[in-house]
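The structure appears right after this line, and notes come after that.
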Amino acid sequence: MSKRNLILFALLLLIVCALPFLVSNYRTFQFTLVLVYAIALLGLNLLTGYNGQISLGHGAFYAIGAYTAAILMDKFGFPYWATLPVAGLVCLVVGFLFGLPALRLDGIYLALATFALGVSMPQLLKYHHLEKWTGGVQGIVITKPDAPFGLPLSPDQWLYFFTLVVMLVMFLFAWNLLRGRIGRALVAIRDHHVAAQAMGVNTAIYKSLTFGVSALYTGVAGALGAIAIQFVAPDSFNIFLSITFLVGIVIGGLASIPGAIYGAIFIQFIPNIADELSKAAPWAIFGIFLIGFVYAMPFGINGAIRMLLMRFGRKAQHAGSGSAVTEPSLKSKEASQ
Amino acid sequence: MALLDVKGLRAAYGTTRVLHGIDFSLEEGSITALLGANGAGKTTTLRALCGMVDTQGEVTFAGSRIDGKATEDVVRLGIAHVPDGRGTFVNLSTEENLRLGAYVRKDRKAVEEDFERIYGYFPRLKERRHQQAGTLSGGEQQMLAVSRALMLRPRLLLLDEPSFGLAPLIVREIFGIMRTINRTEKTSILLVEQNAAMALDLADRAYVVETGRVVLSGSADEIKQDEAVRRSYLGY
Amino acid sequence: MDALLQQVFAGLATGGIYASVALALVMIYQATHHLNFAQGEMAMFSTYLAWTMINAGFGYWTAFLLTVGLSFVLGVVIERVIIRPVENAPVLSVVVVFIGLLVILNSVTGWIYTYTIKTFPSPFPTAPLFGNKFVSSHQIGAIGITLVVLLLLFAFFRFTPLGLAMRAAAQNPVSAKLVGIRVGWMLALGWGLAAAIGSIAGMMVAPIVFLDPNMMAGILLYAFAAALVGGVDSPGGAVFGGFLVGVLENVLGAFVIGNELKLAVALVLIIGVLVVKPSGFFGKVNVSRV
């Protein structure tokens, strides 16, 4: 990263850290959710944007992470921070296991399988044999942690910073992963599956692992989200949550790390604004944006920003996203379909 | 006035330019052959005439320009194209394939008459009319492909490598029927062939295409006797 | 034994509805190799149209026929306007557009009609046929209508020139163009037919599950399972799959796993078929050349 970008990044970080002290607790809570969604979206983007595996069911992994955290805190008295690694691990395993049979599924069929997962998740969560763990239809209530070491922060503020740190760590890890050999392998598998195999990339392992890691990210996000909202219930994890994540990565920008953040801001705040109009408005807007972006802005907000930057003569140095080659082509069919 | 007049035809597949300016013409009622080696651009020329590839240049058919027209519209003007690979509807029956050949026609009674005519030329197709087209032999599929094109009652028949993969005996049979159709129904034929000898026996005129350009033209006899052609394409 | 028979008949009735939606899915899949994720919402929206007409005083069958016609037009319009631009786009784009369509239809319906559940009338008498205790008249009626629709479709595709042209366009669009078929319009027609069939399915199921914007989500899932089980490029298979899934769902739900996990049956079926035998019972195995 160039010096100028480092300075910009530091500035941004400063602003982000100052935010909780400038706005109300409720706003801080909303910003925390933005960070949570950013992690979830990065997870989905890893799988769908970079690796080309379409998932319409990532809400399920978010749910698993959320319930893992809630159950550990409520039934086993785990401290909130310890639930994150467990949630991540559980989702890594479940994701990997789901990814194994999914290996043989291409494009539309994988979309279908994950769609099925997303649709049936609430029913699975309501299953009465699991009720003593999941709390059935009513779900589980948990409490937000107080700031440790007697720091003068409200729970909302503390959780914000905690989430921020987790997010930065996970984003850094992903950035590092993607700009190296592994990132190139993922993109190669997405764009030229057969050629990648022929070049010796073990596509099967990569794809399953990517599924697992992607689920891990979204699962950790789910855990954080549960702690922030202090509540998990089956019906909040329906197919529309999965679709929300899809909206996030398409609008934010596929195969881009900043895209996860733009998308998170979008999916957190648009419903809040649109809700004023009507209960149905947010989804109508999501739908129109989805279709509109595919037609007109296939590279999402991230792509648009990069194009603007290039237009104005500045070299597009990106803090985190790969080179232009990593973006999937949404307009023309790739040869490897 | 020639039935088909092609001037400066250029065509590309994506960024790869294949035709660099093809010029030829075709008189009504004649049989014209396009000869050339693999990759010379013969198939692309036929595709270009039917609007199946991006083209530039002028193509005039029966007095009006057809370059840039969609394939479905070119068909309605009376041009029937038998593509390389035959393009049979393999999951439909023989009879359904033939019926589709007459899809754009409105004269129902004449279509039924044409069925009988075609079955007259190719009795084997009549035997197999309810059979799934994909299960026909190579030769039968070629007969079917040609027949489907004939069901249009075309003014111009485009044939792409009709001899490909077929035993010489079958090819002779099919070519014989082509000759008959040309004589009796005045159907003009544009024939693309790698098998130069058979093509020159059938055709009245011929053009030799090399790397996207016409390099030689003349009557079939002239071409047959041309030194370079004999060496390169006829093998003697 | 009685209980089993009841579940089987109920399963056949809902199976008929799954079969119809599955058929619509297969029709679009055959022509485009895309799975229409918005099929359920299209059917739901059509059913609301019918509800509006019936509430405005139209007779049931008038509203029924008008709805089928309007749905046909809607399907054609959706294909030409929304789907056509992404006809040749990569799978992800197409899936995103379908999901967008799903979401728009769902929310617009909620916007116009609110989310309160409404009742939808059945054209069939409430008294069970011959006083039997296994199957209601509506269920028999639904099965009957499904079969009539299927028969009409079969006849259309098998015996009419347009049906032949549509089959040709779906199988081999390049050759279809070479005989003059306007392939784009055949696609639109396919969508129109699929929308029409979906609307019938919606109107048959609404009296049972009550009309609400989210009524088709589960049904769509079962229809997908049915299409896969039967073979996603086989219309006959879709029908077979539909009835099979309907009966399985009811019987398993009543006697084995309880009604709560019924959707999970669909999930397991979908993944199971995709992993074990993706071509289903009657579909063709697709070998893709490297």
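Chains as they are written, first to last, in my numbering: chain D, 17 to 353; chain P, 3 to 238; chain C, 3 to 292.
By construction, the Cβ of each residue, glycine as well, lies at the ideal position given by its N, Cα and C atoms.
Residue span of the beta strand (DSSP E) that contains P/D25, given as start and end: Looking at the DSSP string, the run of the beta strand (DSSP E) that includes P/D25 is 18 to 28.
Out of D/P274, D/P314, D/C33, which one is the CA nearest neighbour of C/P87? Comparing Cα-Cα distances from C/P87 to each of D/P274, D/P314, D/C33, the minimum goes to D/P314.
Using Cβ-Cβ distances below 8 Å, what residues of the stretch 133 to 147 of chain D are close to chain A? Reference to chain A is not applicable here, since the protein chains of this structure are D, P and C.
So that I know if they touch, is there some Cβ in chain P lying closer than 8 Å to that of C/S73? no
For P/M153, is the classification buried or exposed, using 16 other Cβ atoms within 10 angstroms of its Cβ as the cut-off for buried? buried
Same chain only: Cβ atoms within 6 Å of D/L354, ignoring 5 sequence neighbours per side: For chain D, the structure presents residues 17 to 353; residue 354 of chain D sits outside this window and is missing.
Quick one, which of D/I281, D/A98, D/I23 has its alpha-carbon nearest D/V182's? D/A98
Could you tell me the distance, in whole angstroms, from the CA atom of D/F177 to the CA atom of D/L29? 11 Å
Rounded to a whole number of angstroms, what is the C-alpha to C-alpha distance between D/N41 and D/I23? 29 Å
Got a sec: is the Cβ-Cβ distance from C/S177 to anything in chain P below 8 Å? yes
Suppose the cutoff is 8 Å on Cβ atoms and the five residues either side in sequence are ignored; what does the same chain contact list for D/A220 look like? L119
For the stretch 84 to 97 of chain P, list every residue whose C-beta sits within 8 Å of some C-beta in chain C, in sequence order. P85, G89, T90, F91, V92, N93, L94
From this set, C/T162, C/M206, C/I221, which residue's C-alpha is nearest C/W63's C-alpha? C/M206
Specify, as a first and last residue, the run of the alpha helix (DSSP H) that C/T54 falls within. The continuous alpha helix (DSSP H) containing C/T54 extends over residues 41 to 57.
Is the stretch 141 to 150 of chain C touching the stretch 319 to 330 of chain D in the sense that three or more CB pairs, one from each, lie closer than 8 Å? No, because fewer than three Cβ pairs between the stretch 319 to 330 of chain D and the stretch 141 to 150 of chain C fall closer than 8 Å, the two stretches do not touch.
Three-state secondary structure (DSSP) at P/S190? strand
Measure the Cβ-Cβ separation of P/L21 and P/T47 and say whether it is below 8 Å. yes
Report the neighbours of P/E74 on chain C: residues whose CB is nearer than 8 Å to its CB, in chain order. K179, G182, I183, R184, V185
How close, in whole Å, do the beta carbons of C/F226 and D/L128 come, if the pair is a contact with beta carbons under 8 Å? 6 Å
Using 8 Å for Cβ pairs, my map puts D/F253 next to D/M137. What's the rounded Cβ distance? 6 Å
So, is P/V217 buried or exposed, given that buried needs 16 or more other C-beta atoms within 10 angstroms? Classification for P/V217: exposed.
For C/A229, name the three-state secondary structure that DSSP assigns. helix
Would D/N67 and D/R197 be called neighbours here (beta carbons separated by less than 8 Å)? The Cβ atoms of D/N67 and D/R197 do not sit closer than 8 Å to each other.
Below 8 Å on the Cβ atoms is my guess for D/T130 versus D/G65; work out the distance and round it to an integer in Å. D/T130 to D/G65, Cβ: 15 Å. No contact.
Can you list, in chain order, the residues of its chain with a C-beta nearer than 6 Å to that of D/I259? Leave out the 5 residues immediately preceding and following it. none
Going along chain C in order, which residues have a C-beta closer than 9 Å to the C-beta of P/R181? Within 9 Å Cβ-Cβ: nothing; P/R181 doesn't reach chain C, min ~23 Å.
For C/Q173, the first and last residue of its enclosing alpha helix (DSSP H): 163 to 173
I'd like to know whether the C-beta of C/F66 is nearer than 8 Å to at least one C-beta of chain D. no
Pull the bridge partners of P/S219 from the DSSP assignment, please. Under DSSP, P/S219 takes part in a beta bridge, and its partners are P/Y209.
At 7 Å on the CB atoms, spell out the chain C contacts of P/V77, in chain order. At a beta-carbon threshold of 7 Å, the residues of chain C lying near P/V77 are L180, V181, G182, ordered along the chain.
Per DSSP, cross-strand counterpart(s) of P/T34: P/L192, P/R207
Interface residues of chain D facing C/A268 [CB-CB closer than 9 Å]: Here the neighbours are A132, V135, S136.
Amino acids of chain D, ordered along the chain, whose beta-carbon sits closer than 7 Å to that of C/Y36: The residue you asked about is not Tyr; residue 36 of chain C is His in the sequence shown. Under the 7 Å cutoff, chain D gives I124.
Cβ of C/R82 less than 8 Å from any chain P Cβ? no
Check the Cβ of D/P117 against every Cβ in chain C and list those closer than 8 Å, keeping chain order. I273, L276, V277
Leaving aside the five residues before and after C/N108 along the sequence, list all residues of the same chain whose C-beta is less than 6 Å from its C-beta, in chain order. E43, P215
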